[in-house]
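K.L.:
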Amino acid sequence: MKNLTLPIRFGIVTSAVLIAYFLLLALMGKHTNVFFSLFNGIITGFGIYETIKYTKLRQGKGFSYGNGFTAGVTTGFVATLLFTIFFAFYATELDSSFLDKLSTAWSKDYKNFQGIVFFTVAIMGFATTLVLTLSFMQLFKTPTTTKNNR
406 MKNLTLPIRF GIVTSAVLIA YFLLLALMGK HTNVFFSLFN GIITGFGIYE
456 TIKYTKLRQG KGFSYGNGFT AGVTTGFVAT LLFTIFFAFY ATELDSSFLD
506 KLSTAWSKDY KNFQGIVFFT VAIMGFATTL VLTLSFMQLF KTPTTTKNNR
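Letter by letter, the sequence shown follows residues 406 to 555 of my numbering.
As C-alpha cells, then:
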C-alpha cells in the first residue's frame, strides 16, 4: 500500500483539477460543449506523467516498468472514478437539466440516458488512462539493450 500512496494522492489532485475545470466551464456556460472535454485528456495526462516521473525519482534503480505502469494506472483510475462520481452528482443534484442540454436528441430516445452518459464518462477516462500510461512508460522505461548488444 505504501507504493500506492503517491499515485492515489496524484489521482485525487488530478480529479480536483478536472472538477475545477468543469466548474469553470459551467460558470462560462460552456460545459455542454463536448469539444472542451478534450482538455480533460491533457489534465489527466499531466497527472499520470508527473506520477510516473516522481515514482521513478523516488525508486531510482529499483524502478521497473510494472511500478511505473501501476502508478500511472492508479492515478488515472482514481481521478476518473472521483470525477465520474462528481459528474453524476452534478448532473443529478446540482443541474438536473444539464444532460438534456448536453444532448437533446439522445436524452429523449433512451430510458437510461443518465446511466449511459455516466458510463461513457468513466469508460473514456479509463481508456485515456491506459493509453497515456502506456505511452508515457515508453519515455520512462529502462532500456534493456546496451551499446555492445546493438
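Glycine is no exception: its CB is placed at the ideal position from the N, C-alpha and C atoms.
For the alpha helix (DSSP H) containing L409, name the first residue and the last one.
P.N.:
Unbroken run through L409: none, as it is neither H nor E.
K.L.:
How long is the line joining the alpha carbons of T479 and T460, rounded to whole angstroms?
P.N.:
Rounded to the nearest angstrom, the two C-alpha atoms are 12 angstroms apart.
K.L.:
If you run the structure through DSSP and keep just helix, strand and coil, what is S501?
P.N.:
DSSP places S501 in coil when its eight states are reduced to three.
K.L.:
Among residues of its own chain, excluding the 5 on either side of L487, which ones have a beta-carbon nearer than 6 angstroms to its beta-carbon?
P.N.:
Within the same chain, L487 has close Cβ partners S420.
K.L.:
Can you tell me which of the three DSSP states L537 falls into?
P.N.:
Residue state, collapsed to three classes: helix.
K.L.:
Which residues bound the alpha helix (DSSP H) around N446?
P.N.:
For the record, residue 446 in the displayed sequence is Gly; it is not Asn. Start and end: 443 to 464.
K.L.:
Counting pairs of beta carbons, one from the region 418 to 436 and one from the region 484 to 498, are three or more of them closer than 8 angstroms?
P.N.:
Taking 8 angstroms as the limit for Cβ pairs, the verdict is that the region 484 to 498 does touch the region 418 to 436.
K.L.:
Could you compute how far the alpha carbon of R463 sits from the alpha carbon of M433?
P.N.:
Approximately 40 angstroms, taken between the alpha carbons.
K.L.:
Hey, I457 and F545: beta-carbon distance below 8 angstroms or not?
P.N.:
Yes, they are a contact pair.
K.L.:
Are F541 and Y454 close, meaning C-beta to C-beta below 8 angstroms?
P.N.:
Against a cut-off of 8 angstroms, the Cβ pair of Y454 and F541 comes out as a contact.
K.L.:
Go to F440, then tell me how far its alpha helix (DSSP H) extends in each direction, as first and last residue.
P.N.:
From DSSP, F440 is part of no alpha helix (DSSP H); its letter is neither H nor E.
K.L.:
Can you check which of these residues, A431, T534, I413, Y426, is closest to K506 by C-alpha distance?
P.N.:
That would be A431, whose Cα lies nearest to the Cα of K506.
K.L.:
With burial defined as no fewer than 16 other Cβ atoms inside 10 Å of the residue's Cβ, what is the status of V536: buried or exposed?
P.N.:
So V536 counts as exposed.
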